[in-house]
Amino acid sequence: MNTLQRSSEVDIVRMAALIGICVVNVPFMALPVESVFIPPDGFYDKIAAFLVEGFFQLKFFILFSFIFGWGMAVQSRSAESKGQSFSRRYFRRLAGLAIIGVGHALLVFSGDILVLYALLGLFLWLIKDYSPRNLMKFAAWMLPLSMIFLTIIAVLIDAVMTDATVSVAAVGGATLGGGFLEATEARLSDWPVTLGFLVLLQGPLALGAFAAGLAAAKTDFFSQKSEGLNLIQQRLPLLVIVSLPLNALYAAVVGGLVPGHYEVLNWLGFVSIAIGAPALSLIYLYVFIRLSRAAKVPRLLVLAGQNSLSSYVAQGVLAGFVFGAYGLELFHSFGHAALLPVSLAIALAAMMLVGVFAKIFGRGPLEPILRKISGS
1 MNTLQRSSEV DIVRMAALIG ICVVNVPFMA LPVESVFIPP DGFYDKIAAF LVEGFFQLKF
61 FILFSFIFGW GMAVQSRSAE SKGQSFSRRY FRRLAGLAII GVGHALLVFS GDILVLYALL
121 GLFLWLIKDY SPRNLMKFAA WMLPLSMIFL TIIAVLIDAV MTDATVSVAA VGGATLGGGF
181 LEATEARLSD WPVTLGFLVL LQGPLALGAF AAGLAAAKTD FFSQKSEGLN LIQQRLPLLV
241 IVSLPLNALY AAVVGGLVPG HYEVLNWLGF VSIAIGAPAL SLIYLYVFIR LSRAAKVPRL
301 LVLAGQNSLS SYVAQGVLAG FVFGAYGLEL FHSFGHAALL PVSLAIALAA MMLVGVFAKI
361 FGRGPLEPIL RKISGS
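Position 310, counted from 1, in the sequence shown is what the working numbering calls 310; the numbers after and before it change by one each time, with no gaps.
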């Protein structure tokens, strides 16, 4: 870890992850809850939902989490070089993430991941001194834990869907298309359940990715002669064989394409995403690193990747303006198919704005706040 330094490849991977996360998040801000959790009827909407669930959902979140784990080593080196206490700086940073995350969840998007990251960061601290091998073993153990958590989700969803007294439409979501205060009230109502859902859905996979990212930092994964990257390259055929059918089955199950009476197949397709998502994320990681070395990425997008906190929040702010009554009032105006290009446009527009801001002022608007809180 002595040669560890900021790599443009890291920023490009983070940039790609932010775009993918936006594609997954936008439907939850643009549609009533019943339109998100109940499979769409239209052919093109079904195709779009299948693509998002099969190739975006959880995969880019895992990439983002991987870079978060890598960043812990960067923060440690930075604190050491400045003669600062890393523990004090780290826990203050987690507190800052939690504070910003609560604000983001209530004012922007109830599916916020910053609070989850702050909570999981506490567990990452406990394993920070593990060797790379033990960190990877820890990450591997998160996969069966994720399958257990996903089984819990499946049981809870089945209980809700079969309870005649519970209406999916009544859970919330429609008021997100109202004015800012009305939308904030809806987010406040939705957030506790949403946070619990995210802990079960994303918690183990995120913590495993944290551990893998920290192991990557300790082995100079982003160096030109990285043994880890070479290992991924050697395992690409196996990763493709594993990831494509598992992610396709997951998308088919979530999209309602597998008949409900095939209970075992539905359960297997849902929980096996704990294996399929990380496998596809590894392929994406390899592809993005190779592309970053072969092609020149616009500087503004790289700056957006460097200032990922601002970029992440800006995407939600812009989406809120597009769909809320306090903006363009386009809530429930698009189906899943139309939302795919719209979400890409929102992601790129938000990141370009952050990139321009960072180019002018040196950092994104939120990064100095987090640095001030952490004392870095």
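Every residue, glycine too, gets a C-beta built ideally from N, C-alpha and C.
* Extent of the continuous alpha helix (DSSP H) run through Y284 -> The continuous alpha helix (DSSP H) containing Y284 extends over residues 273-294.
* V160 to G103, Cα distance in whole Å? -> In this structure, the CA atom of V160 is about 29 Å from the CA atom of G103.
* Asked: What span of residues does the alpha helix (DSSP H) with E329 cover, start to end?
  -> Where E329 is concerned, there is no enclosing alpha helix (DSSP H), given that its DSSP letter is neither H nor E.
* Asked: Excluding sequence positions up to five away, which residues of its chain have a Cβ less than 6 Å from the Cβ of V322?
  -> Within the same chain, V322 has close Cβ partners L328, L330.
* Shortest alpha-carbon distance to S343 belongs to which of M29, R89, A325? -> Nearest C-alpha to S343: M29.
* Take W191 and list the residues in its own chain whose beta-carbon comes closer than 7 Å to its own, dropping the five residues that flank it on each side. => Setting aside the 5 residues that flank it on each side, W191 is surrounded in the same chain by A105, L106, S110, each with a C-beta closer than 7 Å to its C-beta; the list follows chain order.
* Member of P368, G362, L339, L280 whose CA lies at the smallest distance from the CA of F17 -> Position check: residue 17 holds Ala in this sequence, whereas Phe was assumed. Ranking P368, G362, L339, L280 by Cα distance to A17 puts L280 first.
* **Spatially closest choice to I20 from F60, F37, P27, by CA coordinates** => Correcting the residue type first, residue 20 is Gly in the shown sequence and not Ile. Ranking the options by Cα distance to G20, first place goes to F60.
* To do: Would you check if the segment 190-207 and the segment 112-123 touch, i.e. whether three or more CB-CB distances between them fall below 8 Å?
  => Yes, the segment 112-123 touches the segment 190-207.
* Which word fits I100, buried or exposed, when buried means at least 16 other C-beta atoms lie within 10 angstroms of its C-beta? -> I100 should be labelled buried.
* Asked: Under a CB-based cut-off of 8 Å, is A159 close to chain B?
  -> This model lacks chain B altogether; it includes just one protein chain.
* Asked: Apart from the five residues on each side of it in sequence, which residues of its chain come closer than 6 Å, Cβ to Cβ, to R14?
  -> So the qualifying residues of the chain are I67, G305, S308.
* To do: Inspect the beta-carbon positions of E367 and S311 and report whether they are closer than 8 Å.
  => No.
* Taking the alpha-carbon positions, what's the F138 to P27 distance? -> Spanning the two alpha carbons is a distance of roughly 33 Å.
* Under a three-way DSSP split, which group does L58 fall into? -> Coil, per DSSP.
* Asked: Are the Cβ atoms of S292 and I12 separated by less than 8 Å?
  -> In this structure, I12 lies closer than 8 Å to S292 by Cβ.
* **Neighbour-count burial assignment, L284, 16 or more Cβ in a 10 Å radius** => Note that residue 284 is Tyr in the sequence shown, not Leu. Under the 10 Å beta carbon count, Y284 is surrounded by 16 or more other beta carbons and is classified as buried.
* Element boundaries [alpha helix (DSSP H), containing D220] -> No alpha helix (DSSP H) contains D220, which DSSP labels as neither H nor E.
* To do: Determine the direct distance from the alpha carbon of L339 to that of P40, and round the result to whole angstroms.
  => Using only the alpha carbons, I get a separation of about 13 Å.
* Within the segment 342-371, note down every full beta strand (DSSP E) run reaching 3 residues or more, in order along the chain. => Restricting attention to beta strand (DSSP E) runs no shorter than 3 residues, the segment 342-371 encloses none.
* If you run the structure through DSSP and keep just helix, strand and coil, what is N134? -> DSSP places N134 in helix when its eight states are reduced to three.
* Contact between the segment 236-248 and the segment 212-226: three or more CB pairs below 8 Å? -> Verdict: no, contact absent.
* In three-state DSSP terms, what is I113? -> Here I113 carries a coil assignment [DSSP, helix/strand/coil].
* Three-state secondary structure (DSSP) of Y262 -> In the structure shown, Y262 falls within a coil segment according to DSSP collapsed to helix, strand and coil.
* Use the C-beta contact count for S87: other C-beta atoms within 10 angstroms, 16 or more gives buried, fewer gives exposed. => It is exposed - the Cβ of S87 has fewer than 16 other Cβ atoms within 10 Å.
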